[in-house]
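Since the structure comes first, as structure tokens, the remarks are kept for the end.
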Amino acid sequence: MKNIRTSRRIGVSPGILLIPLILAIFCLVFESGCSSSKQGTLEQGFTSPPPEYRPGVYWYFMDGNLSREAMTRELEAMKEAGIGWALFLEVNVGVPRGQVDFLSQKWQELFAQAVKEGERLGIKIIMGSGPGWAGSGGPWVKPEESMQHLVSSEVRVKGPGKFDLKLLVSRPKTPFFGENTLTPELKQAREDWYQDVAVLAFPTPEMDSRIPLIEEKALYYRAPFTSQPGVWPYLPPPAEASGPAGSAIKKEEIIDLTSRLKPNGSLDWEIPPGSWTVRRFVARNNGAVTRPAPLPGLGFECDKFSREAFESHLHHYLGPLLERIQPNGLKPGGGWKMIHIDSWEMGAQNWSQNFRQEFIKRRGYDPLPYYPVYAGCQVGTLEESERFLWDLRKTSSELIVENHALEFKEFGRKYGFKLSIEPYDMNPASDFDLGAVADVPMSEFWSDGFGYNSSFSVIEATSIAHITGAPVVAAEAFTAGAEEAWKKYPGNMKNQTDWAFCQGLNRLIFHTFAHSSLDEKLKPGMTMGPYGVHWDNRQTWWPMVRAYHEYIARCQFL
């Protein structure tokens, strides 16, 4: 009562003091109602998860073997089994070539039919960034629009005197995956094409020493440091302040002779006194092709540093499909909803026509005096050369992220598409920076105990999602080889499924559902050669798989 009398003395009504209590009670009641509402929504969603939480499949087509009836039959089987996503890719693996050429009018009609059926059945279609699974390219990519390396030839001369030799054009590097996937026409085009970049001369160092692991550091062969056979099992030691005495090229003594190079490879140059080394730097194709693409889609991978080269690829590849289908990815339901960049299996590049200008803009200095470092030569101190190599890799990463991944994302936005990216597997960019572009960062894990241990990519993808706030983290799930593919079924995959969810994944895309254009009575039908756990309607256990997919959908909803 004393407090109330005091409140009256200062002009405050006793009822005013009840307002905080009333508000507190109201908030508790409101929160209880909200919690009840949320609980109801959670229970309802768990009982019947919305379609977007269903698992998906890699829907692989085998080089021209497409059937309208089989496509509809398979999409209906997916629907019946609780599959909600289908990632559409066409490859040339293990099955004789069919009658429907990739991107022909007939092929486009069939793809449009698949999209239409996806809309009818509520299945969302994802389209890859190019033929095959490796990347983005095709027969429409000219050598000058392809992925490139900077390579060089060397001659050593003594002065004074007239330079009377011809500078050879250096041969291209051996492709990361060899030349067995190149057609004779692609091999010839690769041999014929080159572009002069620079000619540099410098006093020949007293000692011939090379920077260690230059093939990886200069992005000729981008391979991870792992314990697997054939790659480096340990990180290189840190760069020292200098290499062996007398092994360095002095930057201030380098002479730019580019303007003196003649078309026949000769050089208009009076050699100064002493011993000199002359290097002719040229751009060459890196040998990456759209492996394992259907034959009509086989061609060079496009330049990943060049926005213009990628736009040209998209015009030839997706342009005809978009004109025919005119999709709206924002429309609810099924149909064409996403675009996708799969695992990076096209090697590395370290050059493009725009590279020098981009390097100067981004790093603040001219890379030209450091071109000998590409060949493993030391310019200045070893530390200085290693710093240039770091800047080379940093610039390469930025160009891939901005002119390739972001360009694809911006392209897709025009049609309402979201973008998924698998940012791991030997790409010459930062995995985190590349994956952060994606609406759906994606990883891959192989069937437990078989194939490659790519579980690190799961941690990468979930970490990217935590940083960027992406709500969905997907995985190319249960990839398998021939030794395991037919042995997998939900019962012996459950433990690894739960492991995947514990790692933070919430969208499993099974590898793989191979399209079979054969009569449905012919089982098991077509497969993707030796690859993938066979996750399709020709499996004996397929009629019983819906319960497993519903379990996955409930976990992914939560």
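According to our numbering, the sequence shown is numbered sequentially starting from 2. For every residue, glycine included, the Cβ atom is placed at its ideal position computed from N, Cα and C.
query                                                                                                                                                                             : result
Spatial neighbours of isoleucine 126 within its chain, please: C-beta separation below 7 Å, excluding the five flanking residues on both sides.                                   : Ala87, Phe89, Ala115, Val116, Gly119, Gly336, Trp337, Lys338
Please report the Cβ distance between valine 441 and alanine 478, rounded to the nearest whole angstrom; I am assuming they are in contact, meaning their Cβ atoms lie under 8 Å. : Between alanine 478 and valine 441 the Cβ distance is about 14 Å, and since that is not below 8 Å, they are no contact.
Let me check understanding here. Comparing Cα to Cα, which of Asn265, Val279, Lys263 lies closest to glutamate 254?                                                               : Val279
Out of Trp391, Ala501, Val438, state which residue places its alpha-carbon closest to the alpha-carbon of tryptophan 447.                                                         : Ala501
Buried or exposed: where does asparagine 454 fall if 16 or more other Cβ atoms within 10 Å of its Cβ makes it buried?                                                             : exposed
Can you have a look at tryptophan 352 and say buried or exposed, based on whether 16 or more other CB atoms are within 10 angstroms of its CB?                                    : buried
Mind checking isoleucine 250: buried by the 16 CB within 10 Å criterion, or exposed?                                                                                              : buried
Looking at alanine 219: is its Cβ nearer than 8 Å to the Cβ of leucine 390?                                                                                                       : yes
Can you tell me whether lysine 3 is buried or exposed? The criterion is at least 16 other CB atoms within 10 Å of its CB, across all chains shown.                                : Caution is warranted here: a pLDDT of 39 is assigned to lysine 3, below 50, making its placement in the model unreliable, and the coordinate value is therefore given only provisionally. Classification of lysine 3: exposed, given that the 10 Å Cβ count is below 16.
Using 8 Å as the threshold, is the C-beta distance between alanine 82 and valine 546 below it?                                                                                    : yes
Using the DSSP secondary-structure output, state which residues sit across from glycine 478 in a beta bridge.                                                                     : Per the sequence shown, the amino acid found at residue 478 is alanine instead of glycine. Answer is Phe446, Phe511, bridged to alanine 478.
Report buried or exposed for cysteine 503, applying the criterion of at least 16 other Cβ atoms within 10 angstroms of its Cβ.                                                    : exposed
Please report the straight-line C-alpha distance between methionine 128 and phenylalanine 418, rounded to a whole angstrom.                                                       : 10 Å
Provide the residue span of the alpha helix (DSSP H) that contains lysine 125, from first to last.                                                                                : It is not in any alpha helix (DSSP H) - lysine 125 instead sits in the beta strand (DSSP E) that spans 125-129.
According to DSSP, is alanine 246 part of a helix, a strand, or is it coil?                                                                                                       : coil
State the Cα-Cα distance for the pair alanine 475 and isoleucine 510, rounded to the nearest angstrom.                                                                            : 7 Å
Hey, how far is the Cα of glutamate 423 from the Cα of glutamate 192?                                                                                                             : 32 Å
Would you kindly report the start and end of the unbroken alpha helix (DSSP H) that includes glutamine 354?                                                                       : First-last for glutamine 354: undefined, no H or E at that position.
Is phenylalanine 203 helix, strand or coil by DSSP?                                                                                                                               : strand
Would proline 161 and proline 273 be called neighbours here (beta carbons separated by less than 8 Å)?                                                                            : yes
Assign leucine 331 to buried or exposed, taking buried as 16 or more other Cβ atoms, counted over all protein chains shown, within 10 Å of its Cβ.                                : exposed
Please list the terminal residues of the continuous alpha helix (DSSP H) segment that includes lysine 488.                                                                        : Note, lysine 488: premise wrong, no alpha helix (DSSP H); not H, not E.
For a cutoff of 8 Å on Cβ pairs, would you count glutamate 155 as touching chain D?                                                                                               : Reference to chain D is not applicable here, since this structure consists of a single protein chain.
Can we say the region 177-191 touches the region 313-326, given the rule of at least three CB pairs closer than 8 Å?                                                              : no
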